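S.K.:
Residue numbers (UniProt numbering): 1 to 742.
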């Protein structure tokens with residue numbers, strides 16, 4: 001079943017999450033119509049390879065054309081119209097930057113896998129549950145409702161100001177008319193009656209002025225209260241969701257809704273500002289004793305300007321955190337002299353600001369808060385914000401060619417740093433700009449989440465561990481001294497984040513049994529980990545008992561193994577992986593002989609082994625575990641082929657494949673058959689062997705097991721065969737089938 005077919009079978013709450021990340025950047029219609037083809041392409045590799053991305057974009061457009069031909073024959077007018085629009089959109093948007101669509105599709109597929117993994121979990125983790133709090137959703141709706149009400153109130157006040165202006169013009173005309181009369185005429189009864197009418201009008205003007213000022217004051221108060229409470233909380237929640245998304249959590253949304261709220265509030269404040277300016281204009285034409293305008297207007301204008309300053313300052317956000325295109329799933333880890341991208345947005349979207357705001361990027365602006373290492377940014381570090389580059393027309397700027405360069409230090413402290421010191425140093429990318437609008441000049445600043453600078457790719461795993469720990473443990477966006485005294489983390493939340501590493505990086509998260517094994521690995525046997533606190537040192541700095549590596553290094557090596565060598569098997573769910581030796585024997589002991597399971601090695605970094613159950617002649621159960629396969633051996637032979645072709649030689653020298661059923665009872669070929677590189681007996685004849693008369697050869701993994709019922713065989717019994725064992729094997733297999741055995 002395709003991934004898209006699985007997505008369509010999800011519950012509505014998960015489908016709503018899927019709906020959030022499909023838009024005009026990558027329309028869902030294309031995802032649906034081309035599901036099989038899209039899932040068959042390597043979009044992640046293309047996101048770092050422009051030539052490959054160009055070919056994939058061309059092929060994507062060809063696929064869309066083929067769909068257009070098909071629906072044209074079916075005369076589906078609506079679908080024809082949509083596909084033509086989408087094709088034009090895709091070609092126009094990505095023709096000059098094909099890697100961008102590769103990144104988008106890769107992210108969409110990865111997020112689908114994460115949601116599928118989350119849907120398969122029996123319960124939601126504590127972090128994800130907190131992000132989907134119903135109280136938060138209710139506050140979002142309240143904010144949108146209040147912003148809309150404020151906008152309506154400001155527009156209604158416009159009408160009151162216009163009425164006041166008309167009333168004052170009438171008063172001014174009638175008053176000047178009387179003033180132009182001769183003194184003798186002013187004493188007539190009609191004029192005296194008019195003077196009384198003018199006094200009544202002046203009283204009405206005074207009342208209306210007070211009423212308008214009161215309404216303006218209420219609008220300002222409503223905006224102030226909304227900004228101070230709900231809108232600030234919404235922005236902080238969005239920033240927290242962004243932190244969690246950066247370390248593999250649910251894709252964060254809501255920025256477009258925030259932009260709408262910020263923009264409407266800014267428009268309302270500018271509208272109120274114009275109303276106050278109109279009142280000042282009316283004041284210059286008419287004033288009187290007790291006039292409320294000169295008494296109230298200055299304070300109201302000062303408050304409006306103050307709110308505008310704060311609104312603009314809060315609206316300047318980092319939409320996409322710094323990330324190297326070569327490592328899209330490891331944001332905020334930057335390598336010296338390697339380009340990274342970062343995107344900023346101004347949530348106040350006003351046409352007057354298009355191309356008028358120039359943003360400058362710097363690093364470690366507050367140098368006193370960071371380490372002795374100093375960096376500068378090379379490349380284009382000043383760019384103008386615009387509405388043309390973003391699909392949704394937001395006012396944003398994306399820096400794509402920044403490179404951090406380390407400055408030489410005269411102190412010479414760099415050489416004394418241990419392997420963890422560099423990856424625990426936090427740095428900050430800062431951005432500053434100035435907004436000049438309607439007589440206001442506002443300086444804006446914002447910063448990225450803390451980043452880790454590395455000089456060698458070997459530092460990437462520990463650097464990523466630092467990013468995980470920071471963003472899991474704190475919502476402080478700028479605590480650069482965090483690792484001077486890193487706090488402990490709740491084990492239940494850490495395990496949830498570790499599952500995200502697998503769902504985001506290798507397409508399938510961890511189930512409760514696998515997480516229990518990791519908890520035992522970290523804290524010991526039979527740990528209740530709901531509220532257990534784990535230290536940073538135990539996670540990433542202290543070696544596992546009896547091992548020469550840390551827990552995180554062990555786990556990162558497994559992620560790398562899955563990604564490069566057993567990804568399809570992992571996604572299918574056939575790799576149990578995280579199970580202890582003791583637990584695997586409990587699982588296998590009552591199973592049919594030949595039942596096996598796949599387990600990650602606890603002693604070898606990046607190793608995977610399989611254990612099968614067998615029954616001796618006396619009825620006793622025995623277990624066999626093969627020496628773990630690492631990336632070197634798996635580079636030579638696909639793991640699915642190893643499982644298919646694996647042979648053991650017993651004491652009677654008869655080679656046989658002991659692997660019959662994948663735990664619990666799945667026939668081996670049914671589980672892995674689609675992943676075999678070729679059929680087991682599909683070996684070319686010598687005449688077809690390719691070149692110069694050589695006999696084709698195949699690799700077959702073979703082990704030797706001694707017939708000793710008292711021996712619980714260890715992995716060392718199952719090393720690759722010796723020359724004498726190989727000679728025996730040749731007696732039972734044709735040279736055409738096997739020339740070299742491993």
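Note that beta-carbon positions come from the ideal geometry of N, C-alpha and C, so glycine has one too.
Computed from a predicted model, the values in this text were never measured in an experiment.
Tell me the rounded alpha-carbon separation between residue 237 and residue 2.
M.R.: Within the chain shown, numbered from 1, the residue matching residue 237 stands at position 237. Within the chain shown, numbered from 1, the residue matching residue 2 stands at position 2. Their backbone Cα atoms lie some 34 Å apart in a straight line.
S.K.: Alpha carbons only, please: which of 676, 664, 670 and 671 is nearest the one belonging to residue 645?
M.R.: Translated into positions along the chain shown, residue 645 becomes position 645. The shortest C-alpha separation from residue 645 is found at 676.
S.K.: Mind checking which residues open and close the alpha helix (DSSP H) that includes residue 241?
M.R.: Taking the chain shown and counting its residues from 1, one reaches residue 241 at position 241. It spans 232-246 - the alpha helix (DSSP H) in which residue 241 sits, taken as one unbroken run.
S.K.: Excluding the five sequence neighbours on either side, which residues of its own chain have a C-beta within less than 6 Å of the C-beta of residue 301, listed in chain order?
M.R.: Walking along the chain shown from the start, residue 301 turns up at place 301. Counting only Cβ-Cβ distances below 6 Å, and skipping sequence neighbours, we find 276.
S.K.: Tell me, to the nearest whole angstrom, how far the beta carbon of residue 282 is from that of residue 164; I am working on the premise that it is less than 8 Å.
M.R.: As a first step, residue 282 is located in the chain shown; it is residue number 282 there, counting from the start. As a first step, residue 164 is located in the chain shown; it is residue number 164 there, counting from the start. Contact flag correct, Cβ pair sits at about 7 Å.
S.K.: Check for me: the beta strand (DSSP E) holding residue 623 runs from which residue to which?
M.R.: The count along the chain shown starts at 1 and reaches residue 623 at position 623. Looking at the DSSP string, the run of the beta strand (DSSP E) that includes residue 623 is 621-625.
S.K.: Could you work out which residue in 449, 442, 441 and 439 is closest to residue 425 when comparing CA atoms only?
M.R.: Mapped onto the chain shown, residue 425 falls at position 425. Nearest option by C-alpha distance: 449.
S.K.: What does residue 26 pair with, by DSSP beta-bridge criteria?
M.R.: Within the chain shown, numbered from 1, the residue matching residue 26 stands at position 26. Residue 26 is not bridged to any residue.
S.K.: Three or more C-beta pairs closer than 8 Å, one from the region 41-57 and one from the region 143-153: is that the case here?
M.R.: No: the two stretches stay apart, fewer than three of their Cβ pairs being nearer than 8 Å.
S.K.: Any contact between the region 600-614 and the region 656-666? By contact I mean 3 or more CB pairs, one from each, below 8 Å.
M.R.: Flag = yes, the region 600-614 and the region 656-666 touch.
S.K.: Hey, would you say residue 471 sits closer than 9 Å to residue 642, going by beta carbons?
M.R.: Translated into positions along the chain shown, residue 471 becomes position 471. Translated into positions along the chain shown, residue 642 becomes position 642. Contact flag unset, no.
S.K.: Nearest to residue 378 by CA position, among 398, 402, 27 and 359, is which residue?
M.R.: Position 378 of the chain shown, counted from the first residue, corresponds to residue 378. Out of 398, 402, 27 and 359, 402 has the C-alpha closest to the C-alpha of residue 378.
S.K.: Find the nearest neighbour of residue 406 within the set 383, 453 and 327, judged by alpha-carbon distance.
M.R.: Residue 406 sits at position 406 when you count from the first residue of the chain shown. Per the Cα distances, 453.
S.K.: For residue 315, does the three-state DSSP call read helix, strand or coil?
M.R.: What you label residue 315 is simply residue 315 of the chain shown in a count that begins at 1. Note: residue 315 maps to helix in three-state DSSP.
S.K.: Can you grab the Cα-Cα spacing for the pair residue 85 / residue 447, in whole Å?
M.R.: Reading the chain shown from its first residue, position 85 is the one you call residue 85. Reading the chain shown from its first residue, position 447 is the one you call residue 447. Cα-Cα distance, rounded: 38 Å.
S.K.: Who pairs with residue 464 in a beta bridge, going by DSSP?
M.R.: The residue labelled residue 464 in the question sits at position 464 within the chain shown. DSSP output for residue 464 lists no bridge partner at all.
S.K.: Determine the direct distance from the alpha carbon of residue 376 to that of residue 566, and round the result to whole angstroms.
M.R.: In the chain shown, the residue the question calls residue 566 occupies position 566. In the chain shown, the residue the question calls residue 376 occupies position 376. Going by the C-alpha atoms only, they are around 40 Å apart.
S.K.: For residue 299 and residue 381, I'd like the C-alpha separation in whole angstroms.
M.R.: On the chain shown, position 299 is the one that residue 299 refers to. On the chain shown, position 381 is the one that residue 381 refers to. If you take the alpha carbons of residue 299 and residue 381, they lie about 40 Å apart.
S.K.: Out of curiosity, what's the CA-to-CA distance linking residue 14 and residue 115?
M.R.: Within the chain shown, numbered from 1, the residue matching residue 14 stands at position 14. Within the chain shown, numbered from 1, the residue matching residue 115 stands at position 115. One C-alpha to the other measures close to 7 Å.
S.K.: If we require 4 or more residues per run, which alpha helix (DSSP H) segments fall completely within the UniProt domain "SH2" (570-672)?
M.R.: The UniProt domain "SH2" (570-672) contains these whole alpha helix (DSSP H) runs: 581-588, 631-636, 639-645 and 668-672.
S.K.: Less than 9 Å between the C-beta atoms of residue 505 and residue 587, yes or no?
M.R.: For the purposes of this step, residue 505 is taken as the residue at position 505 of the chain shown. For the purposes of this step, residue 587 is taken as the residue at position 587 of the chain shown. No. Outside cutoff.
S.K.: Counting only the same chain and skipping the five closest in sequence on each side, list residues whose C-beta sits under 6 Å from that of residue 201.
M.R.: Translated into the one-based positions of the chain shown, residue 201 becomes position 201. Answer for residue 201: 171, listed in chain order.
S.K.: Along the chain, where does the alpha helix (DSSP H) that runs through residue 203 open and close?
M.R.: As a working mapping, residue 203 is identified with position 203 in the chain shown. Note, residue 203: alpha helix (DSSP H), 189-226.
S.K.: Confirm, please, whether the CB-CB distance from residue 61 to residue 83 is below 9 Å.
M.R.: Along the chain shown, one-based indexing puts residue 83 at 83. Along the chain shown, one-based indexing puts residue 61 at 61. Not closer than 9 Å, so no.
S.K.: Distance check for residue 311 and residue 228, CA to CA, integer angstroms please.
M.R.: For the purposes of this step, residue 228 is taken as the residue at position 228 of the chain shown. For the purposes of this step, residue 311 is taken as the residue at position 311 of the chain shown. Approximately 10 Å, taken between the alpha carbons.
S.K.: In the DSSP assignment, the beta strand (DSSP E) including residue 373 goes from what residue to what residue?
M.R.: Mapped onto the chain shown, residue 373 falls at position 373. Element bounds for residue 373: n/a, residue is neither H nor E.
S.K.: Applying the criterion that 16 or more other CB atoms from any shown protein chain within 10 Å of the CB defines a buried residue, is residue 606 buried or exposed?
M.R.: By 1-based counting over the chain shown, the position of residue 606 is 606. Buried is the call here.
S.K.: Quick one: what's got a C-beta closer than 8 Å to residue 203's C-beta in the same chain, skipping five residues either side?
M.R.: Locating residue 203 in the chain shown gives position 203, counting from the first residue. Closer than 8 Å at the Cβ level, and outside the excluded window around residue 203, lies no residue.
S.K.: Helix, strand or coil for residue 394? Go by DSSP, reduced to three states.
M.R.: Taking the chain shown and counting its residues from 1, one reaches residue 394 at position 394. Of the three classes helix, strand and coil, the one that applies to residue 394 here is coil, per DSSP.
S.K.: What does residue 358 pair with, by DSSP beta-bridge criteria?
M.R.: Here residue 358 refers to the residue found at position 358 of the chain shown. For residue 358, which the question treats as bridged, DSSP gives the partners 384.
S.K.: Thinking C-beta only, is residue 17 closer than 9 Å to residue 250?
M.R.: Mapped onto the chain shown, residue 250 falls at position 250. Mapped onto the chain shown, residue 17 falls at position 17. For residue 250 and residue 17, yes; Cβs fall inside 9 Å.
S.K.: What number of angstroms, rounded off, separates the C-alpha of residue 159 from the C-alpha of residue 218?
M.R.: By one-based count along the chain shown, residue 159 stands at place 159. By one-based count along the chain shown, residue 218 stands at place 218. Cα-Cα distance, rounded: 16 Å.
S.K.: Taking three-plus beta-carbon pairs below 8 Å as touching, is the region 326-334 in contact with the region 346-361?
M.R.: With a cut-off of 8 Å, the region 346-361 and the region 326-334 do not count as touching, because too few Cβ pairs lie within range.
S.K.: Taking a contact to mean a Cβ-Cβ separation below 9 Å, would you say residue 324 touches residue 356 in this structure?
M.R.: Numbered from 1 along the chain shown, position 324 holds the residue referred to as residue 324. Numbered from 1 along the chain shown, position 356 holds the residue referred to as residue 356. Not a contact, by the Cβ cut-off of 9 Å.
S.K.: In three-state DSSP terms, what is residue 533?
M.R.: Here the question's residue 533 lines up with position 533 in the chain shown. The answer is strand: DSSP assigns residue 533 an E or B state.
S.K.: On the three-state DSSP scale, how would you describe residue 720?
M.R.: In the chain shown, counting from the first residue as 1, residue 720 sits at position 720. Legend: pLDDT at residue 720 = 48, less than 50; position of this residue unreliable, value from coordinates given subsequently. Three-state DSSP puts residue 720 in coil, outside helix and strand.
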